[in-house]
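Asks:
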Amino acid sequence: MMPLFVLQRRSTWARTAALTTGGRGAARWMVLLELHLLFFSLFFGIQGCAKARSRDLYWKKVCNQRESVMGCSNSLEQTMRQADADNECESILSLFPRPVEYAAIQIASPEQVLRLVPPEMLDGKQVQTAFHVTTLYIGRGGCKDPVLLQQLVKLRGASIQLTLVSVVSDAKGTAIAVRNEGEFPCKNAHPHITVANAPGVPAVYSNELLDDSHASDPCRAVVPLPAGTCISGTFGFAFH
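Position one of the sequence shown corresponds to residue 783 (the numbering used here), numbered consecutively onward.
Put into structure tokens, the structure is as follows:
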């Protein structure tokens, strides 16, 4: 764009020429010159704006590409970390003679569990033949947490005293909530013992039953257990 002082200086020259000659031709010449100067000013101004806009679009495109590359890089890094974790889990699980279904704390005295449950909470339901607290479900999807898996492998065969908090039940299932304030490693947000389920309802329903979103469900009954209610268990693994 042409500098403003140049335009002002040329405009001044035009006016001076008109005043000096005093002629109409000079006056017309002055007007034409000022119009030309105005045209060039607008032309270069528009070009400058176009260039500025083009420059802004260019840098915006560069920034978007950079963000895209960074996002792909982060995604690739996460994928690689997960692949390493999967490989580590597979290496650990390959040490077992059979495919692992889940890691759990096996309850030694099933009859002790049943004594804690009001009989009416078992009506019309299928009672489990053995009781446990699932600490890490593996299944066919594989393990995604090698650190927790290693901890549970090291604890295999170790005994633990579990503190039982309450019995929770509805028409679909009955479970006992287990306290875990760092007493044992566990992936489950709501450690529990599944006691019984209605026909066709899987044992995994206990997770939903104990979830906070069901706290206000009028069909859900909660029986608090006396403080210090404990039961013994042993860390182990269940196989397919």
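Glycine included, each C-beta is placed from N, C-alpha and C at the ideal position.
Being a predicted model, the structure only gives us computed values, none of them experimental.
#1: Assuming T956 contacts V899 (C-beta within less than 8 Å), just tell me the rounded distance between them.
#2: Taking the Cβ atom as the reference point for each residue, do L930 and P892 lie within a distance shorter than 8 Å?
#3: Could you tell me whether the Cβ atoms of K954 and Y987 are closer together than 8 Å?
#4: CB-CB under 8 Å to G939, same chain, minus the five flanking residues each way: which ones, in chain order?
#5: Taking the straight line between their C-alpha atoms, what separation do you get for A886 and A1020?
#6: DSSP three-state call for H1022: helix, strand or coil?
#7: What do you reckon, are the CB atoms on P928 and C1012 nearer than 8 Å?
#8: Mind checking which residues open and close the alpha helix (DSSP H) that includes L934?
#9: Roughly how far, in whole angstroms, is the beta-carbon of H1022 from the beta-carbon of R880, given that I think they are within contact range, below 8 Å?
#10: Please state the DSSP three-state secondary structure of E870.
#11: For Q932, which residues in the same chain have their Cβ closer than 8 Å to its Cβ, ignoring the five residues on either side in sequence?
#12: Taking the alpha carbon of P1006 as the reference point, which residue from A980, S951, E990 has its own alpha carbon closest?
#13: Please return the same chain residues whose Cβ sits closer than 7 Å to the Cβ of V882, not counting the five positions on each side in sequence.
Replies: Short version:
#1: 6 Å
#2: no
#3: yes
#4: T1016, F1017, G1018
#5: 7 Å
#6: coil
#7: no
#8: 928-937
#9: 6 Å
#10: helix
#11: I874
#12: S951
#13: L875, I920, F1019, F1021
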